[in-house]
Amino acid sequence: MVGLKRWLRRCLVLLTLLATFCFLAWFLPRALNPTETSPEKRLEDRLWIDTSPYFLDRQACRWLSLCGLHHLRADPAVGPDEGAVLVDYDEQEWRELRRRTVNNDDDKRSRRTVRRRIVKDVPSFVTRYAPYVHLYSGEQFWPSDIGQHLRHMNATDHHGNPLHDGLDSITLDRLDHLGGRHVTLHSRDDVETRPAWLYSRDNMPEGRGDDDDDNNHHHHQHPVPPLEHTTWFDADRTHPPHRLARPPVRSQRSRPKTPTPPVDLYRRGHKPDQDGYSGAPAILVVVDKGAGILDAFWFFFYSYNLGQTVLGLRFGNHVGDWEHCMVRFQHGIPRGLYLSEHEGGQAYAWSAVEKTADGRPVVYSALGSHAMYALAGDHPYVLPLGLLKDVTDKGPRWDPAKNMLAYHYDYVRPDDGLAPAAANPDAPTSWFHFRGRWGDAVYALADARQWRLFDEEEEDEEEEDEEDEEEEEDDDDECQSEEEEETGRKRRLGRLSEMGTRPSLTLAIIIFIFILILILILVLIIIFTIIIIIIAHAHTHTIHPSASQLAS
Numbered sequence: 021m022v023g024l025k026r027w028l029r030r031c032l033v034l035l036t037l038l039a040t041f042c043f044l045a046w047f048l049p050r051a052l053n054p055t056e057t058s059p060e061k062r063l064e065d066r067l068w069i070d071t072s073p074y075f076l077d078r079q080a081c082r083w084l085s086l087c088g089l090h091h092l093r094a095d096p097a098v099g100p101d102e103g104a105v106l107v108d109y110d111e112q113e114w115r116e117l118r119r120r121t122v123n124n125d126d127d128k129r130s131r132r133t134v135r136r137r138i139v140k141d142v143p144s145f146v147t148r149y150a151p152y153v154h155l156y157s158g159e160q161f162w163p164s165d166i167g168q169h170l171r172h173m174n175a176t177d178h179h180g181n182p183l184h185d186g187l188d189s190i191t192l193d194r195l196d197h198l199g200g201r202h203v204t205l206h207s208r209d210d211v212e213t214r215p216a217w218l219y220s221r222d223n224m225p226e227g228r229g230d231d232d233d234d235n236n237h238h239h240h241q242h243p244v245p246p247l248e249h250t251t252w253f254d255a256d257r258t259h260p261p262h263r264l265a266r267p268p269v270r271s272q273r274s275r276p277k278t279p280t281p282p283v284d285l286y287r288r289g290h291k292p293d294q295d296g297y298s299g300a301p302a303i304l305v306v307v308d309k310g311a312g313i314l315d316a317f318w319f320f321f322y323s324y325n326l327g328q329t330v331l332g333l334r335f336g337n338h339v340g341d342w343e344h345c346m347v348r349f350q351h352g353i354p355r356g357l358y359l360s361e362h363e364g365g366q367a368y369a370w371s372a373v374e375k376t377a378d379g380r381p382v383v384y385s386a387l388g389s390h391a392m393y394a395l396a397g398d399h400p401y402v403l404p405l406g407l408l409k410d411v412t413d414k415g416p417r418w419d420p421a422k423n424m425l426a427y428h429y430d431y432v433r434p435d436d437g438l439a440p441a442a443a444n445p446d447a448p449t450s451w452f453h454f455r456g457r458w459g460d461a462v463y464a465l466a467d468a469r470q471w472r473l474f475d476e477e478e479e480d481e482e483e484e485d486e487e488d489e490e491e492e493e494d495d496d497d498e499c500q501s502e503e504e505e506e507t508g509r510k511r512r513l514g515r516l517s518e519m520g521t522r523p524s525l526t527l528a529i530i531i532f533i534f535i536l537i538l539i540l541i542l543v544l545i546i547i548f549t550i551i552i553i554i555i556a557h558a559h560t561h562t563i564h565p566s567a568s569q570l571a572s
């Protein structure tokens with residue numbers, strides 16, 4: 021009887037722990053997710069779970085949030101041909117054609133469209149203060165050309181049906197003709213085999229890493245011309261900056277313009293050279309907000325995003341990675357810098373940003389994820405002790421101004437508001453209005469390449485076109501007050517505002533669950549100890565009368 025009770029107690033403890041774990045695994049990802057899951061997303065998730073052919077896998081995924089455990093494996097950044105640069109004749113021919121022209125498709129139609137528009141130059145101060153980007157020294161997945169990326173993709177609808185002849189390559193001029201948000205571009209190759217085009221090694225910038233960045237210099241060496249105090253950080257055409265002090269209008273008009281850099285700097289800016297040039301053109305989108313406010317968005321594309329490793333497992337890989345930064349100008353003078361980080365970002369006052377000797381801002385791209393930061397070093401997020409972090413350093417310096425496609429964008433006319441700049445009047449615009457996915461959708465649970473622990477996939481959803489990012493950025497790109505700016509100057513780098521991010525929750529959830537389980541175990545031990553004492557006391561009280569009766 022005693023042994024049976026002992027086994028019953030053990031089974032009760034195990035069942036309690038299992039029920040607690042199931043509840044926490046179900047509840048915590050939903051409670052910690054700042055974005056409410058839509059009914060469509062929940063239905064899509066149920067259908068995704070049903071793709072697994074194994075009953076136990078489906079139940080573990082539904083109740084324990086442990087999906088595809090039998091698929092777990094090591095996921096190195098590079099394949100067995102790590103050192104090889106696999107470039108075939110077709111790739112070389114493609115790069116040669118790319119140098120001759122931006123895009124040959126529908127050239128006449130493009131020119132007719134341009135003639136109907138007012139072709140404008142990019143203001144000189146935009147390239148004067150274009151950012152330098154330090155890519156990580158150990159980076160494997162370099163900047164990519166969006167036109168070359170499309171050569172390796174097929175388009176499907178949300179049911180997986182092809183939208184074009186697979187023998188015909190998708191082009192930048194026809195991309196938005198494929199459809200709306202439910203269109204997905206799928207790689208023709210298995211990306212888990214790490215095909216050579218994912219690395220874009222031929223686009224690796226050759227700029228030096230040890231440059232003249234202003235790391236050890238004071239920021240007063242690059243003074244910003246004085247402006248009246250205004251709400252420049254929160255302005256657009258319908259909300260012009262409010263003056264906090266009203267200077268004479270005449271003085272504002274007579275204010276000297278931003279000094280023009282030497283001519284040779286501009287002549288050098290669009291020439292392919294050996295100092296920071298990459299074969300992958302950056303995308304510059306200039307947005308005039310009115311009242312002297314102008315935003316210069318620099319978009320960078322990578323064919324592959326390598327996810328972070330948590331407890332030796334990699335999560336968040338996806339094809340098609342858009343990153344961006346934005347410089348805000350007021351009357352031609354830089355006032356703030358925004359850097360994208362994962363699904364959010366951070367804004368900085370111009371005086372707090374690291375700069376080169378010529379006054380250009382310096383930003384850092386993280387290993388694998390390509391998230392952008394204002395300082396080199398480790399950038400932990402979500403978890404303490406640096407358990408989950410991005411890393412940046414002074415790797416190859418990329419000068420995006422040396423090879424770019426420049427556009428002007430009128431956000432009041434989102435459907436046809438994009439126009440090429442005068443420097444590239446024939447640049448395609450159709451791709452900008454593509455609202456689908458630039459890479460593979462989440463692999464099915466039945467796919468051996470996929471697993472998911474606590475709502476974090478190994479192969480994550482690919483990213484959308486940067487048009488959506490820019491529209492969101494228009495609402496979220498403000499810096500904070502001048503008082504906060506002064507506080508930021510007293511530190512090495514004044515981080516003025518944090519935009520909302522949705523960090524990876526995998527390890528945080530695991531740690532939290534184990535802490536709760538330990539607490540529950542202690543509580544259960546105490547409870548069962550009390551129960552055992554009560555049972556033993558009751559059993560003793562019941563035995564004694566019978567023994568006395570027998571003795572008598």
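Okay, so the sequence shown: first residue is 21 according to the working numbering, each after it adds one. No residue lacks a Cβ here, since even glycine has one placed at the ideal position from N, Cα and C.
The C-alpha of isoleucine 190 is placed about 30 Å away from the C-alpha of aspartate 315.
DSSP places serine 385 in the uninterrupted beta strand (DSSP E) bounded by 382-385.
Threonine 71 counts as exposed, since fewer than 16 other beta carbons sit within 10 angstroms of its beta carbon. With a 10 Å radius around the Cβ and a threshold of 16 neighbouring Cβ atoms, serine 220 comes out buried. For lysine 414 against histidine 154, the beta-carbon gap comes to about 5 Å, under 8 Å, which counts as contact. Take the alpha-carbon of alanine 421 and the one of isoleucine 539: they are about 56 Å apart. Here histidine 197 carries a helix assignment [DSSP, helix/strand/coil]. Counting only the Cα atoms, tryptophan 68 lies some 15 Å from serine 58.
The continuous stretches of beta strand (DSSP E) do not include lysine 61, which lies in the alpha helix (DSSP H) extending over residues 59-69. When C-beta atoms of the stretch 422-436 are compared with those of the stretch 295-302, three or more pairs fall below 8 Å, so the two segments count as touching.
Residue pairing by DSSP puts lysine 409 in a beta bridge opposite Pro400. Collapsing the DSSP output to three states places arginine 417 in a strand.
Put simply, the backbone Cα of glutamate 159 is about 54 Å away from that of arginine 29. Only buried fits tyrosine 322, as 16 or more other CB atoms lie within 10 angstroms of its CB.
Burial state of glutamate 60 is exposed, judged by a 10 Å Cβ sphere holding fewer than 16 other Cβ atoms. Inter-residue distance for leucine 32 and tyrosine 74 is about 28 Å (C-alpha atoms, whole angstroms). Taking C-alpha positions only, glycine 340 is separated from arginine 26 by approximately 56 Å.
Assigned with DSSP and collapsed to three states, isoleucine 190 falls in coil, not helix or strand. The count of Cβ pairs closer than 8 Å, one atom from the stretch 350-359 and one from the stretch 161-172, stays below three, leaving the stretches out of contact. For histidine 169, the enclosing alpha helix (DSSP H) begins and ends at 166-170. The alpha carbon of alanine 461 has as its nearest neighbour, out of Thr176, Val146, Trp83, the alpha carbon of Thr176.
Going by beta carbons, glycine 459 and leucine 183 fall outside the 8 Å limit. Between the alpha carbons of valine 203 and leucine 195 lies a distance of about 10 Å.
Ranked by how close their Cα comes to the Cα of threonine 329, the residues Asp419, Leu84, Pro400, Glu64 have Pro400 in first place. In the DSSP assignment, valine 203 falls outside any alpha helix (DSSP H) and carries neither an H nor an E.
Shown here, tyrosine 322 sits in a strand according to DSSP, grouped into three states. DSSP lists Phe320 as the beta-bridge partner residues of glutamate 343. In the assembly as shown, arginine 355 is a buried residue. Its beta-carbon has 16 or more other beta-carbons within 10 Å. Histidine 351 sits in coil when the DSSP states are folded into three classes, being neither helix nor strand.
By the neighbour-count criterion, in which a residue is buried when 16 or more other Cβ atoms sit within 10 angstroms of its Cβ, isoleucine 313 is buried.
Counting of Cβ neighbours within 10 angstroms places alanine 372 among the buried residues, the total reaching 16 or more.
For arginine 214, the closest alpha carbon among the candidates Gly200, His338, Gly332, Asp141 is that of His338. With at least 16 other beta carbons inside 10 angstroms of its own, histidine 390 counts as buried. Within the model, the alpha-carbon separation for arginine 380 versus glutamate 343 is close to 19 Å. In this structure, DSSP gives phenylalanine 335 an extended state, which the three-state scheme calls strand.
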